[in-house]
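Protein chains in written order, with numbering that gives the first Met the number 0: chain A, 0 to 368; chain B, 0 to 352; chain C, 0 to 154; chain D, 0 to 529.
Beta carbons: idealized from backbone N, C-alpha and C, even for Gly.
See below for the structure under consideration.
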Amino acid sequence: MKKINLRQASVPIMFIIICAICIPLSGLSPKMLVNEIVTRMGRNAFLILSLLIPIMAGMGLNFGMTLGAMAAEIALILVCDWQIVSVPGMILAAIISVPISVLLGIFCGKILNRAKGREMITSYIMAFFVNGIYQLIVLYLMGSVIPIKHSTIKLPRGYGIRNTVSLLSMRQKLDNMLAVTIGGVKIPVLTFIIIAVMCLVIVWFRRTKLGQDMRAVGQDMEVARDAGINVERTRIISIVISTVLAGLGMIIYLQNMGNIATYTAHSQIGMFCIAALLVGGASVDKASIGNVFLGVVLFHTMFIVAPRAGAYITGDSMIGEYFRVFVSYAVITVALIMYETNKRRAKSAASQRLQEEQDAESPAGGENS
Amino acid sequence: MEESITFKDRIKDSVAEFGLPRLIITGFLVLLLIMAPFVGADLPTQISNIINRFSWNGILVLAMVPMVHSGCGLNFGLPLGIISGLLGATMSIELGFTGAMSFVAAILIATPFALVFGMLYGWLLNKIKGGEMMIATYVGFSSVSLMCMMWLVLPYSSPNMVWGLAGKGLRTTISLEGYFDQALAGIAQINIGNISIPTGTLLFFALLAFAIWAFLHTKTGTAMTAVGSNPAFAKAAGVNVDRIRMLSVVMSTWLAAVGILVYEQGFGFIQLYMAPFYMALPAVSAILIGGASVNKASIMNVIVGTILFQGIVTMTPTVMNNMIHMDMSEVIRIIASMGMILFALTRKTEGSR
Amino acid sequence: MKNKRQFLFRALAIILILALAAVMFVIGRGHTVYFDNKDAEYDGKEYEAFYKVVVIKDKEKVAKLESDDRGMTDLMGQTLTVTVEITDEKGGESHAHKVSMPVPYSMDGIVINVPALMAGLPAEAYMSEFVPIAAEEEDEDEEVVIDEFEISDDV
Amino acid sequence: METNSAPLLKLQGIKKDFNGNQVLADINLELGKGEVLGLCGENGAGKSTLMKILFGAADITETGGYSGDIYLDGQKVSFETPFEAIEAGIGMVHQEFSLIPGFDATENILLNREPEKYSFISEIFGDRLNTLDRKKMDERSAEAVEKMGVAIDRHMMINSMPVGHKQFTEIARELSKDQLKLLILDEPTAVLTEREAEALLASIKGMSERGISVIFITHRLQEVLTVCDTVAVLRDGVLVECTPASETDEARITKSMVGRSIMGVAGSDDASEQPDAPTILSIEKLWVDMPGETVRNVSLDVKEGEILGIGGLAGQGKLGIPNGIMGLYEAGGTVTFEGRQIPLNNPRICLDSSFAFVSEDRRRVGLLLDESLEWNISFPAMQIQNKFLKSYLGGLIKWRDEKAIRELTEKYIEELQIRCTGTKQNARQLSGGNQQKVCLAKAFALQPRLLFVSEPTRGIDVGAKALVLNALKKFNKESGTTVVMVSSELQELRQTCDRIAIVSGGRISGILPSSAPMEEFGTLMLKDVV
């Protein structure tokens, strides 16, 4: 059953080749490279895990995961203003982000239920729409309606949040707990434990009734409905879970970064996470935990080495920068095209089989098929 | 919506057909226009602004029409056409054309690019019927980021365009002064007081709009509408659905190429690199605001939509700023335009997706 | 019956989470603590600054203060526990004192006057709020970039 | 078979109409515990409607419900939704599979009824977070499969199963429901091989012994006679026969199925076979891959100027013939028209050879629902024959001639009595009958030499039916167009056509003059039924 689909494996293989070419050119020492990859694994893996559940529910790549990221940013800004620091600050931010994420998730889920068959483009536009609302809150309401005390995060005009909010008090506090250094590579053990627990939760979730229902809904909504499964609700739940997880993932991500780029941090997150997942060999309708980790390693290796390799080849560092952006988009494009053509191919294959059966039987006649 | 029967019925009908978001946006603009004099904004300047911006953006919005008609959905892949236009503009300058001639040359050079890109793009969209919009978006993104590298690598050498120090690689912004800045707008420009009307640009838009309108009345144009309305019907009536769709994509792409050139001649600059990235979204929301849906659009939708959209873009900053001393225009623009697209996507549409 | 039970559990879970949040508010509250080795005055009495003060928090030396110096450290939670090593004169023996005190929740920055503290005076004598004075001078308006085009270079 | 005093199921005076169209008239039926009832009837006789009523299907409740009473176990019941029916112990296996393709048989058998293991988390987040008890699921599905008596691989994915096993998976799913008292099987043997069908019959007998009553709908009469205790025959919404299986035979059932006692109409009055007319279209060895309407090895000659009817039961392939010839579905074989061979799978060439086709799928293929009547009627003629166009610049630009289009549309609105507010009205807003007329007008406007009409009266009211059929006849007479008409309604074919070919099992089972007796048609229809 576990045949490796060559088409499916083509993207990871391509990336392995890109990395294999770029790594020597980049001139990075293996230690530095491993260090970077481990850091990025801890930073991004949780965020990418949040994409798995909507895929299971047949809703495609959840471009709306940005919603969770925004919820997390709002929570972190507030916590920062209240001067709750370090790990307790993160836990508090997580607690605050969850209800915001849930509300946004329900909203997004309801909208997506009205746009069945084009969930992806809708969730993509949804991310922009909520970004507008986020800006309204953060840029205009914070400081004027929502009390913000500290001038370090407030714009000098008296309301609105600065372009960058420093998270120095939380910076890598989670990563540093229980951290182990092996051969010069810092391993953020606690972060990895949290990610591992999340993986276990996802594995467990697949075995629950809800997980089973989601898989059923993902494969055939009508059949699931006939069997008495509440399709709409199940789909909304999957989006809510994804949004909440994205929010928690964003907190892990930002504590590692050490500051919030208030107006831009979330906007690219969705794209990079989705690209990483696809690079790991996932497709629009099928993704596993393995895809997440393979994706993080391959995608981020490319991300780290591409600019340096580009600079080495062309003498212009910008080429590499643009190259990795191009690759991110190209990967998503290719994955989407493969998904759509596969759908078509499955259909035509079915009718071809019918024809052959019939041809073989046609001269004989008389037999019931 | 032109004829007036009974006022009440009309309102009821138009509300149902119009949709709430569109109504809110229109109402908002009307409110802005009414408020403008009270808060001390200069109405003629505002109107002049709207007309100007309309003339810049009209053709980009018009580029949506063919693809919507053929059922390919909203052309989120507009950047592909824009890139053709940018190639035309930069090559025209590189080849040494100046003044109004450089505009003509830009269009001529952009055309083959638009045709080739459009055909590739159309071929791709024919392979993935049903998933057009998402893939179009990412085709646009990929091509923009690919071109980012190209702008650096391609052997441009005109000193007006490349980075001064390195002597190669195009600048992010290139001034069109001495080239086709105001090439169209300058033709028969009318200036009355604060109002200045770019007659040339408006006429050019009118010409293209008329061409599209006329095309939709031809045999092929009729087939295009039918393909968008019901591909199965069109196929049963002997229409080559794939060819018609391809044609519509090529048309959209070419219009986008011309559209960006017209935009640039008004704006006065060529913007390269990531600038074309999100240019599809304003155009998409403009045509939707104008009353189009995912698979129906008319020239009227283009005109009304562009005026409404650009009206909000130009009016909100001044009026809002004067009113509450907060410049929320950007945020309002994002919420309004994205809300409009969301609304259109969630509406039940028959036929194409 | 089932619903009631579930409601109960849910309420319990929410209360637990809220309680957790409340605990985080207390134990996670961050303060900046400043140590002053300066002359102090209280109740008409003068307390002279020491020759040298070393402040040790969590086995880590956070400040080494000569007379009239100010040092600082970050604190999480509501209790400040430090060891203060005091040298009265040059070349003299240092003696360590372990002190522990509650800090007011509402203060972001707290100034502690070490001589007053060592003299065993009441809290209001050695503890005062740190008020940032000239922090407001950078009044150039920050341009907010809500740039949709920007590709962040680090993820 | 024992007859209890209180039957398991009792239907009393069941009536149902769709918008005034009577489809069931006063049905009275009883079914004892463990009894097997065979339900026969032509398509459209009301079998599905009756079963839908019993099963609480949504389209019954949405169209105003039914009248009459249903008693289950002596209790009066009326189901609003299928779930209520299932709760009460009724199970139904539909013709279309309702299975999740990526699940295995066990998961499908217990879909949404999986046994669960308690987990503490569910106290907070609700029961759906209980984990599935895979072991128990396995046991339950094994039990159900055993009950069914046909061995299937319970761990095989549905999408890699042969079609028969999918059918058995569905049956096992119904059997796994403990409360099951009555199982409705809607043409279950249609997709089975002969051996599988035998296994199913044995399984039905087994169910009956366990005390489960079965309603068995099929076109294969020998199966009915083998397995059923009682045979009920529906015709035009009337229960014409309900006899013990032992007292009847195939011939008698066939006769009850097709015999029209009410009208007793013979062929159409002006029907005339034209044996001397030249053959205009000759079909040889045609196969068509149309899902659900597969055509196998059909050879047929159509004579110039005639109206040829093609009849047969649903799913036997009659719809595949015109759809295949017109290139809408993958097809093979040779088609010769007026001596020229017509390449298949190319709609354009068919249309250029002046064929026209009125599709059975009005809404999807037949109409531009969101465009005006003008567009609908003129479009094919415009695209194929360049009609209704004005040329400018020496033919470089071909513009729509709105005036000509309007005149054409007005002409057909009048001729076919299309009820509409004007030529600009959207096709979507018309009623089914009027939409059908628009489809005809569209084909007439092409002025074809050969016209295929597929199910022209499906889903339209009586008045419109007569109008449509008369319009067809008139068109045939006046313009000499050869017409091939496909319909499930034999009566209608007999009224309209000169000759009628009957399709059964994807093949032509015979061609009869329309005046031939009903029984002969019936026999042909059931000849190779799949």
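Mark glutamate 208 (chain D) as exposed unless 16 or more other C-beta atoms lie within 10 angstroms of its C-beta, in which case mark it buried. exposed
Starting from asparagine 112 (chain C) and walking both ways along the beta strand (DSSP E), at which residues does that stretch end? 108-112
Give, in chain order, every residue of the region 71-91 of chain A whose Cβ lies closer than 7 Å to some Cβ of chain C. Gln82, Ile83, Val84, Ser85, Pro87, Gly88, Ile90 and Leu91
Where does methionine 339 (chain B) fall in DSSP's three states? helix
Spatially closest choice to isoleucine 36 (chain A) from A:Phe191, A:Ala281 and A:Lys115, by CA coordinates: A:Phe191
Is glutamine 428 (chain D) close to chain B? Criterion is C-beta to C-beta, closer than 8 Å. no
Would leucine 525 (chain D) pass as a contact of serine 503 (chain D) if the rule is Cβ separation under 8 Å? yes
Closer than 9 Å at the beta carbon, the chain A residues around leucine 98 (chain D): Asp219 and Val222
Using C-beta distances below 8 Å, list every residue in its chain close to leucine 466 (chain D), excluding the 5 sequence neighbours before and after it, in chain order. Leu415, Gln416, Gly432 and Lys436
So what's proline 342 (chain D) in DSSP terms, helix, strand or just coil? coil
Under 9 Å between beta-carbons, which chain A residues line up against lysine 126 (chain B)? List them in chain order, please. Ile336, Glu339, Thr340 and Arg343
With a cut-off of 8 Å, does the C-beta of methionine 125 (chain A) fall near any C-beta of chain B? yes
Can you confirm whether aspartate 107 (chain C), when its beta carbon is compared against all beta carbons of chain A, has any partner nearer than 8 Å? yes
Cβ closer than 7 Å: which chain B residues qualify as neighbours of isoleucine 331 (chain A)? Tyr137
Look at the Cβ atom of glutamine 382 (chain D), then the Cβ atom of alanine 236 (chain B), and state whether they are nearer than 8 Å. yes
Helix, strand or coil, according to DSSP, for cysteine 419 (chain D) in the structure here? coil
If you measure beta-carbon to beta-carbon, which residues of the region 320-331 of chain B are closer than 7 Å to chain G? Reference to chain G is not applicable here, since the protein chains of this structure are A, B, C and D.
With a cut-off of 8 Å, does the C-beta of leucine 350 (chain D) fall near any C-beta of chain C? no
Determine the chain C residues that contact serine 168 (chain A) at a beta-carbon separation under 9 Å, and present them in chain order. Gly29, Asp73 and Met75
Within 8 Å, do at least three Cβ pairs link the region 72-79 of chain D to the region 124-138 of chain D? no
Roughly how many whole angstroms lie between the Cα atoms of threonine 495 (chain D) and leucine 468 (chain D)? 7 Å
Residue range of the beta strand (DSSP E) that includes arginine 209 (chain D): It is not in any beta strand (DSSP E) - arginine 209 (chain D) carries neither H nor E in the DSSP assignment.
Kindly indicate which residue of D:Gly314, D:Leu182, D:Val452 and D:Phe356 has the alpha-carbon position closest to the one of isoleucine 31 (chain D). Per the sequence shown, the amino acid found at residue 31 (chain D) is glycine instead of isoleucine. If we check each option's Cα against that of glycine 31 (chain D), D:Leu182 comes out closest.
Could you check which residue in B:Asn229, B:Ala343, B:Met325 and B:Arg346 has the C-alpha nearest to that of leucine 135 (chain A)? B:Met325
Against valine 115 (chain D), what residues of chain C qualify as contacts under a CB-to-CB distance less than 9 Å, listed in chain order? It should be pointed out that residue 115 (chain D) corresponds to glutamate in this sequence rather than to valine. Those do not exist, as glutamate 115 (chain D) stays about 14 Å from chain C at its closest Cβ, beyond 9 Å.
Nearest by alpha-carbon distance to leucine 91 (chain A): which of C:Phe8, C:Ile13, C:Leu11 and C:Leu17 is it? C:Leu17
Could you work out which residue in C:Ser66, C:Val102, C:Arg4 and C:Glu128 is closest to isoleucine 85 (chain C) when comparing CA atoms only? C:Ser66
For glycine 45 (chain D), count neighbouring C-beta atoms within 10 Å of its own C-beta (all shown protein chains included) and say buried if the count is 16 or more, exposed if not. buried
With 9 Å as the C-beta to C-beta threshold (strictly closer), list the residues of the region 14-35 of chain D near chain B in chain order. none
Expressed to the nearest angstrom, what Euclidean distance is found between the alpha-carbon atoms of isoleucine 99 (chain A) and leucine 77 (chain A)? 13 Å
Which residues, in order along the region 200-226 of chain B, keep a beta-carbon less than 7 Å from a beta-carbon of chain D? His216, Thr217, Lys218, Thr221, Ala222 and Ala225
Take isoleucine 110 (chain A) and list the residues in its own chain whose beta-carbon comes closer than 8 Å to its own, dropping the five residues that flank it on each side. Thr121 and Met125
Inter-stretch contact at 8 Å, needing at least 3 Cβ pairs: the region 94-114 of chain C / the region 75-85 of chain C: yes
Isoleucine 383 (chain A) to threonine 31 (chain C), Cα distance in whole Å? Since the first residue shown for chain A is 0 and the last is 368, residue 383 (chain A) is missing from the structure and cannot be characterised.
For methionine 270 (chain A) and asparagine 159 (chain B), the rounded distance between their alpha carbons: 35 Å
Own chain partners of glycine 98 (chain B) with C-beta closer than 6 Å, once the 5 adjacent residues on each side are dropped: none
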